[in-house]
Structures are given as structure tokens and as C-alpha cells.
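Worksheet: one structure, shown below.
2 protein chains.
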Amino acid sequence: MLVSLGMHGQTLKSPNGNFVLEFSINEKGSPLYALSYKGKPVIQPSRLGLELAGGSKTEFNAEIRKQADPKTSLYDGFSLASVKHSAFDETWEPVWGETKTIRNHYNEMEVSLRQNSTERSLTLRFRLFDDGLGFRYEFPAQKNLSYFVLREELTEFALTGDHTAYWIPGDYDTQEYDYTISRLSEIRKLTEAAKTDNLSQTSFSPTGVQTALQLKTQDGLYINIHEAALLNYGCMHLELDDKNFVFRSWITPDANGTRGHLQAPSATPWRTVIVSDDARDIPASHITLNLNEPSKIKDPSWIKPMKYVGVWWEMITGKSEWSYTYDLPAVQIGKTDYTRVKPHGRHGATTENVKRYIDFAARHGFDGVLVEGWNIGWEDWFGNSKDFVFDFVTPYPDFDLEGIYRYAKSKGVKMIMHHETSSSIRNYERHLDKAYQLMNKYEYPAVKSGYVGDIIPRGENHYSQWINNHYQYALEKAAEYKIMVNAHEAVRPTGLSRTYPNLIGNESARGTEYQAFGGSKPNHVSVLPFTRLIGGPMDYTPGIFEMDISKMNPNNKSHVNATLANQLALYVTLSSPLQMAADLIENYGRFPDAFQFIKDVALDWEKSIYLEAEPGEYITVARKAKNSDQWFVGNTGGNTPFTSDISFDFLDAGKRYEAIIYSDAKDAHYKDNPQAYEIRKEIVTSGSRLKQVSVPGGGYAISLKPVK
Amino acid sequence: MLVSLGMHGQTLKSPNGNFVLEFSINEKGSPLYALSYKGKPVIQPSRLGLELAGGSKTEFNAEIRKQADPKTSLYDGFSLASVKHSAFDETWEPVWGETKTIRNHYNEMEVSLRQNSTERSLTLRFRLFDDGLGFRYEFPAQKNLSYFVLREELTEFALTGDHTAYWIPGDYDTQEYDYTISRLSEIRKLTEAAKTDNLSQTSFSPTGVQTALQLKTQDGLYINIHEAALLNYGCMHLELDDKNFVFRSWITPDANGTRGHLQAPSATPWRTVIVSDDARDIPASHITLNLNEPSKIKDPSWIKPMKYVGVWWEMITGKSEWSYTYDLPAVQIGKTDYTRVKPHGRHGATTENVKRYIDFAARHGFDGVLVEGWNIGWEDWFGNSKDFVFDFVTPYPDFDLEGIYRYAKSKGVKMIMHHETSSSIRNYERHLDKAYQLMNKYEYPAVKSGYVGDIIPRGENHYSQWINNHYQYALEKAAEYKIMVNAHEAVRPTGLSRTYPNLIGNESARGTEYQAFGGSKPNHVSVLPFTRLIGGPMDYTPGIFEMDISKMNPNNKSHVNATLANQLALYVTLSSPLQMAADLIENYGRFPDAFQFIKDVALDWEKSIYLEAEPGEYITVARKAKNSDQWFVGNTGGNTPFTSDISFDFLDAGKRYEAIIYSDAKDAHYKDNPQAYEIRKEIVTSGSRLKQVSVPGGGYAISLKPVK
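Residue numbers (numbering that gives the first Met the number 0), protein chains in the order written: chain A, 0 to 707; chain P, 0 to 707.
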């Protein structure tokens, strides 16, 4: 039973009745909510509200300034004005994704609150789905609250105990951490060790963590806390009161320390709580997408999933470089004459090298080729707080933009643009139109943008309202130019790809590059579907076949903590409309049979069925390719061996399928025998089962095709 | 004689020998300079140098970080590496201005310094003209100083005594103060009273003042301190050590408190010291322009001086409003539907009203009509820290953009655009291209831009490096679109109109609008030529004929502290290629004979001769119109009556001129009889003289035309 919320509680139930949300107002007039699942409390009575900033004459408009205290409270003194219930059930089709259709089915409760002392109104909107809760604050148009400044959002998530958490440290500037799995009570002592170095990082609390946060209770309940539709607001972190196991929202501040400048009418992002006693329901949930608005792109025919290779891993490993010369300690874009400097000979983005990748892409059916380091400015791009760092249109002398365009076009391959901003936001915005126009001219359909290093304007944070608005600006402007965006180091996604399906990828987590920077935990990829991917697809850049980085660069002793079969599985487990085969193309030539899976695997799906799942230990998913009768299965394990045991009952009954199973060899191990894999063919039907061992850091991939 | 600078002093003389600059390095290795004029010390030995900021990994590049202390010193530990002398003499033609040609004649000393402990180089470049000094710091390209952060510039101006200063309080956000005339030692006690209210203001020191700072010594020497070519740097204020009468530079900081992020090779703006024993030489000096680079606009044929009227004074006085409705507490640009709101009926920028101004402009030979409040967003534009405040392209429903364009064109009148940014800088930059494109489409040749209120990004200052770079960006982009810029509330000009002659105006001081906000000091306009105008022309918006503001708006009791004749004189004394007849056009109809002077007066000059001058007391200047044989004379006085006594010996000998003299009537007074003026015609020759009384707040204007 729920802890009682008092006399005037309002109740909302999910369509299937599994969830009950109770809302009430306490004796101080503060709103509270509580959530139960199948009769068990999930969120104990927790406060809701916001604290506003006061004092500065520019922060409030005249009406607000007239108010005496408690002018900064939007968290108490409330009484209930009205409660409206409604239901919604609609099925919609995403432009791309894990399923061809998505059902958006919820019961809604709209709670209107009135703060009598200030004559202000606040609306709380709760949506209860069959797999969890979404709620947000809404600020109706009103006389006494038109412009206001957020000091902090005071949303609480009061948990029922010392759950297991799959967490990364709260940080205003990076999400690129390995996950720590611990009890909530252990976060404080583990957080320093969890904060590995990053090129820009700003932590704020020893119990601060990021969302999507995955939790597991002692009695086997899986709880996931995240947000949806993060627009014109700072990204939400969570800070834990580790005496009482209460998380509270912690909004990323702007440079001036405030959490947001808002205008009514408006709304906060949705806060989401996905809950199930079956871990498979967490990655399968569509709550995040459903809480976003329908697509604003009327004709999305130009948005197409892409599989790509690129001139990238060679720079990440240190085999080659983004830059062109060592002669220039300080480049002046537009003034520095690159034709007069001595090339260092280690430049990756040369016409010759790029053509090699184009040839490879054409030969193996890839859609695109990404090239980083093609444009001038890489000699001093990082660490100098440099404003005018790139112009995004001028190639290095050894990169023949026009010639490469023609060559790729003749081969039926699209080039993928790269815009590293060095986090110099104003500079990027100033060049955005010309940069996108260049892409249109040379028919680049997509851009990978990067935000490495500390933000300029200096003092700003990667996930503040101000900077989040920039990512959105770049995305919306890209849509005007019919350009797809894959933003790295940008704020984590929150389902915005429903509204702007040209957001085909984000990094926003620790990606494959860290395998060349010292390595990631073997079970990292089995955490991501429960955390980072809740908000949207990740450009994880899988497909590394050579785990010994010193073979590319003798000075780099890093090791890729994954087996080759694991790398194949990622194309299925980490679903994305944008998938890279990230390794050097010459490494694919060494393993053509395994490479075949990367060539075959689909990017867009009719349906997805999570077969097995336990965060950080294993995940197994079967996906049916869109407009096709082919299926693909992927499994990744964790730090220890895992025996997958699946049924093929998702297949069409009565059909025979040829299954090609790419698995770890028995003696494979991510550490000392990662390239040991086996490939076997079997005929399976909907009545078949498979038992398959994945070694530590391992996994398997299966392609399934009906036999004619 | 100069105080000796020690054994290793270097000396530079001005071409005419009046100025001697001495440079030396003291026992700590700090550079010093001193300046004398006609054998009298002007600047006593004064320190030069800069202090850098250290500590943050992003502030320095790798080479710098390796250095131990004194890594932050660019002010001591120097030895002399080399000294180079050179001379320069060139005459150039500005696109517009006070004279048709300008002689740029100086002797130069380039002092190269070496800081041995850091292996860094610093260059000091001194240019000594016949009317003063310019010097700057230069940072050559070098290994140990490529990217660096300025904590403060340490330039000193050590004065010889307790001079009289004509000053306004130092402020990062406004220059719109009345001038205070006091001894240096009195600044501290007078500064609070001098800080009148402004919509954005940030003072920093009780002895902080702004440049151009005019000084006068007890023995009658006039000294003016300012800067030239302020580019990619914070604007320089001065802070006084009022025990020793030493000013030191105080650079406007960025939001993060640093004074600038710099990259070598580069240079600071020039610091200027104009000196004369004749006050007339100060406003006549061309040092500020000469220290700027030649024009970057190859074909300036589209840059044309403009005389204009506009829908402006009626909003300033409160007779009408910029906004359209009272229905909207919070506008959402692009969403708010203005066709569904109730107009308040007080909107100034209506098609009908604008056409009235177009008719007037056409009838009286004005080039343009400015209209403020034409575009949506004025309902909540100020005080809300609103980001997306204007889109600069969408007119109010009652402003027919297309129809007005056609109507003005049919009458031979150009429309002048207005872009109030509300200091929301990012928003303006995002819309700049489309806004300029709209101007091109409707053939608006010029834009008045405004930066009212606190800057967004929040925490930034109006005159910081970051924001100065914005003004420059808007100016350079305007040049691409062949648009002339008149920026209000932007940083004060520093002669940049030589390089970018499309910068045809700035406000950057207390303009006529304050006459409707409580009034300015009567002698204000006789200070401006010695202070604000040293950097460039001001869009002062003169020509107010109705001094009783309550006649326009019964609720506004402000009084214009000037006589009508004074208002005419301003068109000559405050030279500008952009001159407004700022009053309501109906007020001109009441005084057609006086209005004739505004119609006649030129905007661009062959030559200018300062006949009489004493800062804050009087200024009398004669100017010959460019490509014409007409002359115009203007005089403004101060707070007390002034008898001007001038010779017409500047006229062509042997020619007879009809002089129309617009003067104060004998019983005129700015306070209680401002509209009492006299107009008389006389025939004058180069042998004529004139004695003419200007009453308090008064002045006179003369047009001179050869008699055929």
C-alpha cells in the first residue's frame, strides 16, 4: 500500500492498472506525488515544485517585482484549483527506429494549483503509461508570472531503499564516463574514482549522478529515471540524499549560476520513471519518445538511415592526425596561408586516403564516408580557448573537396560532413549557414558535429539552457537545409528525434573512442541500453576488429575490451539509424567472413523484441528489418561468461530460416583472445531454441533469412 | 625638462619637435615612458606592461604552462632587444568626414623587449604626431606566447598635478552620463552624484572614468586620453590614483572576469594622448583616425551621408509608443498572433504616420526616414532578460512594409531600418543575415541598431572583448550587404570608421533623448567635441524646436535645456555624416525660417576650422561643404553667456558671401525663453568679423554662400 498522502489525495491509474499515482498537497501547501507498481511503492511521497530567483531587476518583470515574499516560492502555499482526467491512445509511425509503429497510450491527470499569496498558477501534468510515469510542470499564461528565473527545480524521487544503481557522476560538461554499479549508499565513496579524466568536466556534488539513471531494488524491480523533451531548459541531474535515498533534481546552471530563464506560457521537460519487474521492459519502453511532440518535419523523405565508414579511427588511435602541419603554433583562419607551411605527412584526411575509403564503401555497400580533419584549423583547435577556431568550409590543401565529391558521387557514395566546434558556440553559429550551404552544394546528407573542450562563451556549461538552445538551433537549422545531425559531446538525447527526426544520432556517453584511450569496462555496452539509450540512439561507432591499438600506433598501448563477436552484436543491441564500421578498412580485409555481418545488418526496424536483459550483465535482442523478412539478433554479455538461452518463437511460424551465427569461440576472451570467433550456419524455425555462451566482454550476432 | 628615465633611455621627437617621448626600462625590467610638450612634462615616467592570467588549463597552451613564475608578468623582467626608428608622411582621403584629406604624419619608434626568464618578446610601438602620441603593445608570433589571457593591462598615465577633468564615471555598460567638470582630486567625492540612472549600468571604482577623457592643466595645457582601433579587446577605462594623479588602464572584463583572450601575433588598441596649449587643436586632431587601418571597403560608393527625420521623438517623449497592444504580457515571436489582439491605438509606427514623414522628407529634401517600433516584439522587449525578443523582419499589422517601401521610393526617399536588439546578442546574430537581406530587398541603406538593457549572454558587459567583437561582426557583415550602421548603446567609437566607413554613426554618449528624460546640462554639447567625438561622429539627433515636452505628452514634465538656435548650431559643431532632424515634423512647421538652416546644412566637409574652443564653455567651428563653395559656422556656449568673436578670414579672399545668421535673441535663455531666436542676413568677406552673444544653453549657426 502507498503511504497515505492525506485527505485530499488525487489518484491516477495506468491503463493496465499496474501503476497508481497519488497526488496531494501537504499542510504547507507543497505538492507531493507517489507512485506504486503492482501494489508496491516505487516512489514514496515526494515533493514537487520550483524555486525562483529574485532580486535582480532584470530577472522579473514589473508585476512580479511588486510581490513581497514568498515571491521565490513555486513550491509551497498552493491549494488545489482543479483536477482534470483524460485518456489517450494513439499509434504513430516514427521515421526510423526500433519499431515501425509506436503506441502512445496513457491516462492523464492535469492538476491546477493556485498560490494564493502571489495569485500565481502552476499546472502539474501526469501521464501514466503501462510502463511508467511522465510528469512535468506547466506555467500557464498569467499576470503574475510571465518572465521568471529558475533558481532550482525541487522535484524529488524518494526511493524505498538502498537500491542498486548503474550510475555515472553528475557533471555539467561530460557524460563520457564508465558506469559504476553500486548501492546508492556507496555512491559518495565511489564517486571520485568514477570521475575519470575528460577534456571538459565540472562535477557538482559527491552524490550527483546523471540520467537516464537505472536502479534495481532488492526485490527485483527495475526503475529508470530520465527526462523527455529537453527544450529551452537546463539538463536535469540528480543529487542523492544518501541518508534517506531521496534523489532531487539538479538542473545544469548557466554561466551566471541560474538554472533557466523562462517565459509563460511554457513547460518544463517531462520527468520520467519507467518501472518493471522484468528488465527487458526498460529498453523496450517508448515513454521517452511518446512524451515528445510529433514530428515537425512534414516531408521526412530525405531522412535516411546510413551505414558508414570513415577516416576517424586512425586519428583516434594516433596512427594519423587531424592536423596538417607542425609549423603553426597559432592559426589565424582566413589569414594563415597553408600553402606555405611544411606538411607533417601524418594528415589523415588526404584525398588519396579518402578515395580509398570511398572505394571500400562502394565495394561493400556502405552509404557514406565520414572524414574528420578535412578543414583548416586543427593545429591549435584544442585547449586555447580560441574563439574563431574553424570556419567549416575551407579544406586543407591536400583535401580536394570538389574532386572527392565527384568521385564519391560517381561511386554512389555520400560524404558525411564533420563539424568540430571546439565548443566555440558563437563561432559555429556564425558560420552555420555557410557550412550547411556547402554541404548542400556537395550533397553531404549528414553532419557529425563535435563539442570537445570547455564551452565558449567562457563559463558556460555543455548542458545548460543557453547551450542546449544552441544544439536545438543547429538541429532546426539543419532541418531547413535537409541535413541530418549526429551531435557528439552535446547534451544527452531525450526523445527529441520524434519531433526532429533529422537528429539521427548523438554520442553523449562513453563511446568506442575510449577503447583507444585506455579502454572501457567490458560490460559497458550492456549498461548503455538501460541508461544512455533510453533517450535516443547513440553513434557508438562499433565494429573494431583489431583490439591491439599498438598495431596502429606503437605508442598507444590501449586495448579494446571486447571480443570481435561482441563488436558485431553491437549493431543490433545498440540500435541506431546511423551505424559506423569504425575500424580501419584494412582490418576488415583480414576478417571478411565476420565483416559480412556488418554489411548485412539492417539500420531500421519493423519490430524489436528484447529476449534477455540484465543491466551490466547481458542483453539479447531480436529485431526484424523494416520492409523485409530478415531478422537480426544481438547479444552482449558482461564481465563474466554468460549463457544465452533464447527461443526463436518471434519468427514466422511455419517458415524455415537460415541463421548465420557469429559467436565467441570457446577460448575467446576480451583481454587476451578477442579475435577468436566462430561462424556457423543453422536452419531454425519458430520452434527452435539456442543456447550460446558469450565470454567476458563477448557476445554474438545472428542474421536470419527465410529459406526460399 | 623631463624627469630622467635612466641610463638607457630612448628618445623620439614629433616631426615639429614639440613633443618628446622618452622610453626606458627600470631596475626591475619594467618599461616606462614619459611625454613632454614644448619642454613641459605632460606624462611623467609611467609604467607600461600587461598582467596575464594563469592557472586554468584552457587559458594557456602547453608551452606556456611549462613556465614557472613569473608566467603572468608581461610587465617586468624585460631587457631591450632592439629599437627601430622610422618616419611616415602620407595624405589620405576619408570617405566622409570633417576634412576632405587627412595628413598622417608621425615619427615612429618600435621598441622590442625580451623577457629572458620566459623567453618571451613584447613590442612597444610609439607614434609621435605633431599633435600628440599614440602607442600600443604588440605580441609577435613566438613559441612561448601564442594564446594568453589578459588579467589587466597596466598602462599608466602619470599626470603632473591636480588637473581639471571633464569626466563621466567609469562604467561597463553605459556612457550616457552628463559630464562633471572638477579637479582630479574631486572625482572620488563627486562620482556617486555623477552616476545617474541608466537601464544598464555597472560601475567599478570611485575614481573610475571613461575615455576620451579631457584634461586641462593649471597652466593651460589641454590633454586628451583615449584609444584608437579598439578591435578584439575590451574597452579601456581609466582608474585614478588620486593621491598621485596617476591614471591606469582598466579594461572592461568579460563575464568570467578576465580582460581578454588573445592570440599572437596581435596588438592591443592604440592608447592616445593628444596635447596642445590651444584647446582648438583637440577636436581638430586626426590622431584617432590616423591610428586606424585604411579602409577595407574597396568600393565605398554606396556609403553616403544622410539627413533624416523619423518616427522616434514621439515615442521618446511618450506621445506615442513603440508597442502595438497592451494585451500581451509575454510575446512569443513566431507564435503570438498580433491580428487577434486589441491595438492600444498609441502605436507610432503606423503606415499612415510613416507616410506623413515620407511626405515631409520629400518636401524638404531629406534623404531618409527612420521608423522605430515597426517590428513585432515591443510589448515585452525590456527588463525581462528575454532571449528571442525580436526577429527583425516581421512588421506589426499596421505597418505596411511593402507599401511603405513603394511609397518612399516613389517620393525619392530612403527608409532607415531600426534594429533594437534589447542587448540579446545571440538572438541578433542569429537573425542578422535575414534582417540585412530584408533591408536589401526593400533598399534600406542604413540601420540604426540599439543595445538597450543588460547584455545577454547574461553577465556580459556592453564594452567587453566578447561584446565588442559582436559590434564588429555586425558592422563587417553589414558591409558585405552594403549597409551603413549607426549603433546606439554600443561601445564608443575609436576611429574605426576609417577602416569601416560604413560605420556612419554611434550614440555611445548622452544624446538628445535625455532632454526628454529630465534634461541634460546646458553645456553638455560643448563638452562632447572634446570627449565623445574624439573617437568618431555621434548620432546626437539634434534639432529640437519644442523644448516643453509636456506639449507632446502632458505626463512628461521634462524640459530641453537648449535654445532653438543652439539646436541649429549642433549640425555644425557635432559633425556627423548622419544627421537627424529629431523633432516632430509638426514642430518644424511652426518655425519654417529656422528650419531652413537644417535643410541647408551640409553633412560632409572639405575642411573644418575650429575658431574658438574651451571645453564645456564654448566651441565655434567653420566648415566648408565638400565639393561646394558654401560654408557653415556653428557655435554652442555653456552654462553662462558667451560672446563669440570670430574672423571670417577662412573665406576666399575677394569673394562676397551672403551670411544668414541664426542666433539667440537677446532675451533668450535655455530655461525660460528657448525659442527666442533671430535670423539676419549680412554680406561678409574674408576681412569681416563677427561678435555674437550666445545665451546660456544657446548658440548660433551661420550659412555662407558666395554672392554671384
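We treat Cβ as the ideally placed atom computed from N, Cα and C, and that holds for glycine.
Within the model, the alpha-carbon separation for Asn555 (chain P) versus Ala489 (chain A) is close to 51 Å.
If you draw a straight line from the Cα of Glu371 (chain A) to the Cα of Tyr337 (chain A), it is about 18 Å long.
Look at Gly53 (chain A): its C-beta is not under 8 Å from any C-beta on chain P. Looking at the DSSP output, Pro705 (chain P) bridges to P:Tyr656.
A direct Cα-to-Cα measurement between Met546 (chain P) and Leu567 (chain P) gives close to 14 Å. At a cut-off of 8 Å between C-beta atoms, Pro268 (chain P) does not count as an interface residue with respect to chain A.
Annotation for Leu431 (chain A): Ala473, Lys476 place their beta carbon closer than 7 Å to its own, counting only its chain and skipping 5 residues before and after. Under the Cβ criterion (8 Å, minimum of three pairs), the segment 258-276 of chain A does not count as touching the segment 478-489 of chain A.
For Trp166 (chain P), no alpha helix (DSSP H) run applies; the uninterrupted beta strand (DSSP E) run containing it begins and ends at 163-166, by DSSP.
Within the same chain, Leu567, Tyr661, Ala700, Ser702 come within 7 Å of Phe596 (chain P) by CB-CB distance, once the 5 residues on both sides are set aside. Per DSSP, reduced to three states, the secondary structure at Asp599 (chain A) is helical. Here Ser81 (chain P) is exposed. Its C-beta has fewer than 16 other C-beta atoms within 10 Å.
Contact between the segment 268-283 of chain A and the segment 113-133 of chain A is present: three or more C-beta pairs spanning the two stretches fall below 8 Å. Rounded to whole angstroms, Pro168 (chain P) and Thr206 (chain P) show a C-alpha spacing of 8 Å.
A Cβ-Cβ distance of about 6 Å is found for the pair Gly696 (chain P) and Thr562 (chain P), placing them in contact under the 8 Å criterion.
Per the coordinates, the alpha-carbon of Lys440 (chain P) lies some 32 Å from the alpha-carbon of Tyr499 (chain A).
One finds nothing in chain A with a Cβ atom closer than 9 Å to the Cβ of His418 (chain P); even the nearest lies about 17 Å away. With 16 or more other Cβ atoms inside 10 Å of its own Cβ, Glu152 (chain A) counts as buried. In the three-state reduction of the DSSP assignment, Ala361 (chain P) falls in the helix class. By the criterion of a C-beta distance shorter than 6 Å, Thr316 (chain P) is surrounded in its chain by Ala515, Ile548, Met551, Asn552, Asn555, once the five residues flanking it on both sides are discounted. The contact set of Asn255 (chain P) on chain A, defined by CB atoms closer than 7 Å, consists of Arg457, Gly458 in chain order. Taking a beta-carbon distance threshold of 8 Å, Glu292 (chain P) does not count as an interface residue toward chain A. Counting only runs of 3+ residues, the beta strand (DSSP E) found wholly inside the segment 390-468 of chain P occupies 413-419, 445-449, in chain order. Excluding residues up to 5 positions away in sequence, Gly458, Glu459 lie with their Cβ nearer than 6 Å to the Cβ of Ala254 (chain P) in the same chain. Scanning chain A for C-beta atoms nearer than 7 Å to the C-beta of Trp380 (chain P) yields nothing, as the closest lies near 11 Å away. Ala227 (chain A) carries a strand assignment under DSSP once its states are collapsed to helix, strand and coil. In terms of CA proximity to Trp311 (chain P), P:Ile543 leads the group P:Ile543, P:Asp386, P:Met108, P:Ile222. Between Lys654 (chain P) and Pro705 (chain P), the C-beta spacing is below 8 Å.
Secondary structure of Lys665 (chain P) (DSSP, three-state): coil.
If you draw a straight line from the Cα of Glu313 (chain P) to the Cα of Ala601 (chain P), it is about 26 Å long. In the DSSP secondary-structure assignment, Asp386 (chain P) is not bridged to any residue. In the DSSP annotation of this structure, Val694 (chain A) is not part of any alpha helix (DSSP H), being labelled neither H nor E. For the alpha helix (DSSP H) assignment, the uninterrupted runs of no fewer than 4 residues enclosed by the segment 529-593 of chain P are, from N- to C-terminal side, 563-572, 584-589. Of the candidates P:Phe631, P:Met305, P:Glu89, P:Met305 places its Cα closest to the Cα of Val484 (chain P).
With a threshold of 8 Å between beta carbons, Glu26 (chain P) makes no contact with chain A. Of all residues in the segment 144-171 of chain P, those with a C-beta nearer than 8 Å to a C-beta of chain A are Ser145, Tyr146, Val148, reading in chain order.
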